[in-house]
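Peer 1:
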Amino acid sequence: MHPDAIVRLIEKRHHLLPLSEHGLIRGRILCVGEETDTAMGEGVPASDGLIDNNYLPPWDSWFAYLAGNEPSSGILLAWIPEPLEHKVQAALEVAATQPLIWLDQINQPHQWGGNPMQERLAREAYVVLIERHQE
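The numbers in our numbering rise by one with no breaks, and the one at position 77 of the sequence shown is 305.
Following this line, the structure appears as structure tokens:
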């Protein structure tokens with residue numbers, strides 16, 4: 229990729245994702261349970277294409293994959309910028325199998341499609357992130 233194209237991309241992202249008063253871009257962490265979706269694709273139109281047919285957020289939002297002890301028990305963590313949260317929320321609301329959950333809602337009563345191992349991993353990730361935020 230040409231350096232000028234990279235600079236234009238950075239400038240476009242900066243314009244679309246304004247910084248907070250602390251110089252950070254606000255957002256939320258999305259938790260995606262491995263093998264929790266039926267690939268029906270209902271989240272695509274609801275999210276204006278932000279969420280794909282397999283209920284995955286854009287790959288450049290991914291920042292961690294936590295593997296479980298059993299096959300297909302891992303979770304993917306993705307950071308969703310605040311200006312895009314409403315698109316993900318729209319996909320959450322139409323999902324037939326509930327493959328996604330906001331990490332900050334993991335301790336609330338919910339109907340997430342994750343298995344017990346995935347819920348444990350998500351809860352542990354939430355605790356670690358809260359502890360680091362308080363440091």
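All C-beta atoms in this analysis are idealised placements derived from N, C-alpha and C, irrespective of residue type, glycine included. Owing to the predicted nature of the structure, the values given are computational and were not obtained by experimental measurement.
From Gly302 to Gln346, what distance separates their C-alpha atoms?
Peer 2: By 1-based counting over the sequence shown, the position of residue 302 is 74. By 1-based counting over the sequence shown, the position of residue 346 is 118. Approximately 6 angstroms, taken between the alpha carbons.
Peer 1: In chain order, what residues of the same chain lie with their CB nearer than 6 angstroms to the CB of Ala318, ignoring the 5 residues before and after it?
Peer 2: If you number the sequence shown from 1, residue 318 lands on position 90. So the list reads Ala274 and Ser275, once near-sequence residues are dropped.
Peer 1: Nearest CA to the CA of Ala295: which residue from Ala324, Trp340, Glu263 and Pro285?
Peer 2: Position 67 of the sequence shown, counted from the start, is the residue given in the question as residue 295. If we check each option's Cα against that of Ala295, Glu263 comes out closest.
Peer 1: Report the residue from Tyr354, Arg348 and Gln362 whose alpha carbon sits nearest the alpha carbon of Glu298.
Peer 2: Within the sequence shown, numbered from 1, the residue matching residue 298 stands at position 70. Minimum Cα distance to Glu298 is reached at Arg348.
Peer 1: Which of helix, strand or coil does DSSP assign to Pro299?
Peer 2: For the purposes of this step, residue 299 is identified with residue 71 of the sequence shown, where counting begins at 1. In the structure shown, Pro299 sits in coil (DSSP, three-state: anything other than H, G, I, E or B).
Peer 1: Does DSSP classify Leu278 as helix, strand or coil?
Peer 2: Position 50 of the sequence shown, counted from the start, is the residue given in the question as residue 278. Looking at Leu278 - three-state DSSP - the assignment turns out to be coil, as it is neither helix nor strand.
Peer 1: What first and last residue would you give for the beta strand (DSSP E) that runs through Tyr354?
Peer 2: As a working mapping, residue 354 is identified with position 126 in the sequence shown. No beta strand (DSSP E) holds Tyr354; the alpha helix (DSSP H) holding it covers Pro344 to Gln362.
Peer 1: In angstroms with no decimal places, state the Cα-to-Cα distance between Ile257 and Pro286.
Peer 2: For this step, residue 257 is matched to residue 29 along the sequence shown. For this step, residue 286 is matched to residue 58 along the sequence shown. For Ile257 and Pro286, the distance between alpha carbons rounds to 13 angstroms.
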